[in-house]
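**Student:** One gets my numbering by counting positions in the sequence shown from 1 and adding 47 to each.
Cβ atoms here follow ideal geometry from the backbone N, Cα and C, with glycine treated the same way.
The structure displayed is predicted, hence computed values, not measured ones.
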Amino acid sequence: LLVDETTVDVGDVDGGGERTVNGSVDVERAGGYRIETVVFADGERRATQTTRVGGVGALTPEYADSPVGFTEGDVWPTVAVSVREADNETATLSVSLSVTNRGDEASEPLELRVLLRQAESNVIADEATETVGSVRPGRTDTVTVTAEVPANYNYYVDAALWSDDVLIDETQGVANLNPRETISANQTVEEVEFAVEDFERGGEGGDASAPEREEGADGTDDATPGFGPVVALIALASAALVARRRR
48 LLVDETTVDV GDVDGGGERT VNGSVDVERA GGYRIETVVF ADGERRATQT
98 TRVGGVGALT PEYADSPVGF TEGDVWPTVA VSVREADNET ATLSVSLSVT
148 NRGDEASEPL ELRVLLRQAE SNVIADEATE TVGSVRPGRT DTVTVTAEVP
198 ANYNYYVDAA LWSDDVLIDE TQGVANLNPR ETISANQTVE EVEFAVEDFE
248 RGGEGGDASA PEREEGADGT DDATPGFGPV VALIALASAA LVARRRR
């Protein structure tokens with residue numbers, strides 16, 4: 048299926064020489080394409096060349112191409128959450144986000160949107176919006192918003208930078224307010240109660256507090272049902288044999 052085509056006048060080329068020719072075509076930003084190049088001279092087809100291009104959908108469109116984005120550091124957190132106030136019902140959180148200008152010119156103002164999403168239910172507990180002012184080239188600014196959420200829950204902190212309703216960049220952090228369960232951006236770790244005393248075992252000498260085993264009516268131990276008399280006879284026979292050998 049032919050999507051687009053263009054014709055470029057190369058002009059005269061000296062014998063044995065080379066010339067670079069630039070041409071452009073417009074295609075949808077999806078999938079891949081086969082580019083066929085044909086060289087004509089004096090109305091005759093002289094040479095052809097085929098090239099394949101893939102991953103076009105991964106290209107960033109011009110309207111979303113911005114040098115400003117969330118900071119990507121190994122130590123300094125992109126999303127930092129602190130508790131300003133808290134009681135038994137609610138917690139007021141201060142969410143600070145680092146934004147870096149990787150370009151060579153000062154950036155235009157952007158809009159920062161933050162959602163606090165309860166981890167298990169995905170319910171939006173609160174949201175905040177703040178304007179990111181002009182960031183100088185190569186600089187990093189910190190933008191802070193405040194949110195109020197129910198206490199004793201864990202939250203995902205979803206943050207995004209927008210320019211005229213165009214998504215520029217996004218990142219995620221967490222706010223762990225539940226001391227019994229912790230979450231991260233891509234993993235959930237849940238703690239459970241563990242009572243050591245439920246797994247304690249007595250020492251070699253026995254435990255004085257351990258319950259005594261019940262004995263049957265004949266005075267034998269019922270720990271191994273049905274084998275009391277047999278064990279007793281074997282024990283007597285062994286004792287008699289030992290006595291004869293000692294004599």
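Report the residue ranges of all beta strand (DSSP E) runs contained in full by the stretch 121 to 155; include only those spanning at least 3 residues, in chain order.
**Tutor:** 126 to 133, 137 to 148
**Student:** Unbroken beta strand (DSSP E) runs of length 3 or more, entirely within the stretch 186 to 230: which are they?
**Tutor:** 187 to 197, 201 to 210, 213 to 223, 228 to 230
**Student:** Spatial neighbours of G180 within its chain, please: C-beta separation below 7 angstroms, excluding the five flanking residues on both sides.
**Tutor:** Start at 1 with the first residue of the sequence shown, and residue 180 comes out as number 133. Spatial neighbours of G180 in its own chain (CB-CB distance under 7 angstroms, excluding positions within 5 residues in sequence) are listed in chain order as P156.
**Student:** Can you name, in chain order, every residue of its own chain whose Cβ lies under 6 angstroms from the Cβ of S113, other than the five neighbours on each side?
**Tutor:** Counting from 1 along the sequence shown, the entry for residue 113 is found at position 66. Counting only Cβ-Cβ distances below 6 angstroms, and skipping sequence neighbours, we find I215.
**Student:** In the DSSP assignment, what residue or residues form a beta bridge with D173?
**Tutor:** Here residue 173 refers to the residue found at position 126 of the sequence shown. For D173, which the question treats as bridged, DSSP gives the partners L163.
**Student:** Considering just the uninterrupted stretch of the beta strand (DSSP E) at G63, what are its terminal residues?
**Tutor:** Counting from one through the sequence shown, the residue named residue 63 turns up at place 16. In the DSSP annotation of this structure, G63 is not part of any beta strand (DSSP E), being labelled neither H nor E.
**Student:** Among L163, A77, R99, which residue has its Cα nearest to the Cα of T84?
**Tutor:** Here residue 84 corresponds to residue number 37 of the sequence shown, with the count starting at 1. For the options L163, A77, R99, the alpha carbon positioned closest to that of T84 is the one of R99.
**Student:** What's the C-alpha gap between N367 and E65?
**Tutor:** Any question about residue 367 goes unanswered here, given that the chain covers just 48 to 294.
**Student:** May I have the straight-line CA-CA distance separating L162 from W209, to the nearest angstrom?
**Tutor:** Mapped onto the sequence shown, residue 162 falls at position 115. Mapped onto the sequence shown, residue 209 falls at position 162. Whole-angstrom Cα-Cα distance: 14 angstroms.
**Student:** Counting pairs of beta carbons, one from the stretch 67 to 85 and one from the stretch 158 to 178, are three or more of them closer than 8 angstroms?
**Tutor:** no
**Student:** Applying the 10 Å Cβ sphere with the 16-neighbour rule, what's the burial state of T67?
**Tutor:** Within the sequence shown, residue 67 is the residue found at index 20, counting from 1. T67 is exposed by the Cβ-count criterion.
**Student:** Taking only the alpha-carbon atoms, compute the straight-line gap between V50 and T139 and give it to the nearest angstrom.
**Tutor:** Along the sequence shown, read from residue 1 onward, the residue named residue 50 stands at position 3. Along the sequence shown, read from residue 1 onward, the residue named residue 139 stands at position 92. Cα-Cα distance, rounded: 55 angstroms.
**Student:** Enumerate in chain order the residues of its own chain whose CB-to-CB distance from F246 is below 6 angstroms, with the five nearest sequence positions on each side excluded.
**Tutor:** Translated into the one-based positions of the sequence shown, residue 246 becomes position 199. Any reading at F246 needs caution, since the residue's pLDDT is 31, under 50, leaving its predicted position unreliable; the model's value is listed next. There are no such residues.
**Student:** Determine which residues share a DSSP beta bridge with G101 and list them.
**Tutor:** Along the sequence shown, one-based indexing puts residue 101 at 54. Paired residues: none, contrary to the question.
**Student:** Just to confirm my understanding: we take V72, look at its own chain, exclude 5 residues before and 5 after, and list those with CB closer than 6 angstroms. What are they?
**Tutor:** Numbered from 1 along the sequence shown, position 25 holds the residue referred to as residue 72. These residues qualify, in order along the chain: D51, T53.
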